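Chains as they are written, first to last, in my numbering: chain A, -14 to 373; chain B, 1273 to 1426.
Glycine included, C-beta positions come from ideal geometry on N, C-alpha and C.
Quantities reported herein were computed from a predicted structural model and do not represent experimental measurements.
Written as structure tokens, this is what we have:
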């Protein structure tokens, strides 16, 4: 079976942009292909993660981006799974290479969320909830996660301040990420003094509305050898995916089972244990997600996930030494929905190839990416990436 | 017949899945309009769920009995939505909760009470009402006559 590797990445800055989705993609593609032949010479297929056509009134993003990359006639398709669309696109690329059908595949993600303002984003994101009972009750994305946060704090004794510290940590990490939407430090009071969006979650517990696009070039190790030096590649050694009920009420509110299953599958494929992961990019769309995911993917004993905000040496027994969301996470790097899973891969690629600049994690050799869509684990994709 | 299943008579047949069947949303909401909240109960593992659907989410069985649900339940988790979707902005803030009915089925719904007046464990009772004129504006054509489930502290 051909071994898939990532050989190059590119991403636009995250934030409110004057550029449209296709333009943001062009920025990401130009960076990813700065030292490569034209896509038309090497790319066999393209996948693009994109949450909603309501922002730009545009579907057919696969065809459009193929055209903008000079890939007319190349098989191309949009992948939809709300905020997990980006990692689903990456998973397709990895599997196409593994199957031997393709040598080089582009995994892309694009979102132009600011086009409809906050109200437009609220409405577009609500389409990810079950229409029959959830949407008709008036629920929003922050309030879905607030239900998880309320129950998590109730069962574990975690406080609103514990959750605030997750945002503080991710903002501090983002100060060292030149692509991040918020490159400013905050303190816990900033979070705690911000207004409630959905109790117990406040404005600073929430990832922002963002524009952005990212491109990840996946190839067989054999094809990559002809294009870049081996130290510029990162092995995609494990991938896992799974879904859970769409309605939040019908799931375990304090254990994201879908993420547990996806990560377990990715670890098994890579032949590693959770404790061997050095860095992780997890899906902190809201602060409560990070502790929930830390527990589900095996970094932390149940009920201790909020220690993700602490330095590894300060955590209690049973916690791994993983560094979580060196990019600043969704909270501070930003969360352009369909592109987020690929921004996670961009961060891991830069860390594992020693290109992460001021935020470089020393001796980082293995990364876990966890990308979720449709409120927590309605759909989850996990990837393990390793130094070549 | 294709397939190698056992052809169990308890499985739903295609011709049964009409708009009158509680295994479809029109059928479910028609019953709700009459004040009856219907759920499914798995013949294999006894999992209860609302609305009824042709397969059990817990074990995958397609042998599902439809049962009227109890109107009583308790709050499992709750929140106050300060900024709801545009259709509900006039009603803000909304109290919304995950409710576990006494059958074990869980569903999300509005709670007709201030956030401070309820908490995890508060007993609630189901009520059913028609959509308001504003809610109807945001409803899709096929949803306009579907009623809304709202819980009240018991």
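Partner residues in the beta bridge of residue 32/A, as assigned by DSSP, are 62/A, 92/A. Its chain contains 341 as the residues whose beta carbon lies nearer than 6 Å to that of residue 335/A, once the 5 sequence neighbours on both sides are disregarded; these appear in chain order. Listed along chain B, the residues sitting closer than 7 Å to residue 111/A by beta-carbon distance are 1357. Annotation for residue 249/A: 225 place their beta carbon closer than 7 Å to its own, counting only its chain and skipping 5 residues before and after.
Using a 10 angstroms sphere on the CB of residue 262/A, the tally of other CB atoms reaches 16 or more, which defines it as buried.
Its chain contains 1381, 1382, 1384, 1399, 1401 as the residues whose beta carbon lies nearer than 7 Å to that of residue 1422/B, once the 5 sequence neighbours on both sides are disregarded; these appear in chain order. Put simply, the CB of residue 108/A is near chain B, with a gap under 9 Å to one of its CB atoms. With a minimum length of 4 residues, the unbroken runs of alpha helix (DSSP H) contained wholly in the region 133 to 181 of chain A fall at 145 to 159, 173 to 178.
Among the residues of chain B, those whose CB is under 8 Å from the CB of residue 123/A are 1353, 1356, 1357, 1359, 1360, 1363, 1366, 1368, 1382, following chain order. For residue 185/A, the nearest CB of chain B lies under 9 Å from its own CB, placing it at the interface with that chain.
Not flagged as an interface residue toward chain A: residue 1315/B, since no C-beta distance is shorter than 9 Å.
For residue 297/A, the secondary structure class from DSSP, reduced to helix, strand or coil, is helix. With a threshold of 9 Å between beta carbons, residue 1295/B makes no contact with chain A.
Within the region 1385 to 1409 of chain B, those residues whose Cβ lies closer than 7 Å to any Cβ of chain A are, in chain order, 1387, 1392. When rounded, the separation of the alpha-carbon atoms in residue 174/A and residue 163/A is 25 Å. Around the Cβ of residue 97/A, a 10 Å sphere holds 16 or more other Cβ atoms; the residue is buried. Look at the region 128 to 144 of chain A: the residues with a C-beta under 7 Å from a C-beta of chain B are 128, 131, 132, 135, 136, 139. In the structure shown, residue 57/A falls within a coil segment according to DSSP collapsed to helix, strand and coil. In the structure shown, residue 42/A falls within a coil segment according to DSSP collapsed to helix, strand and coil.
At a C-beta separation below 7 Å, residue 1283/B has no neighbours in chain A, since its nearest C-beta there lies roughly 21 Å away.
Using beta-carbon distances, residue 328/A does not count as an interface residue toward chain B, since no partner is under 9 Å.
Chain-ordered, the chain B residues with CB closer than 8 Å to the CB of residue 181/A read 1352, 1354. Separation of residue 87/A and residue 223/A (C-alpha to C-alpha, rounded to the nearest whole angstrom) is 18 Å. Inter-residue distance for residue 1354/B and residue 122/A is about 14 Å (C-alpha atoms, whole angstroms). Scanning chain A for C-beta atoms nearer than 7 Å to the C-beta of residue 1378/B yields 234, 235, reported in chain order. Nearest neighbour of residue 185/A by Cα position, chosen from 143/A, 218/A, 158/A, 215/A, turns out to be 143/A. Spanning the alpha carbons of residue 124/A and residue 1368/B requires a straight line of approximately 7 Å. Using a CB distance cut-off of 9 Å, residue 1323/B counts as an interface residue toward chain A.
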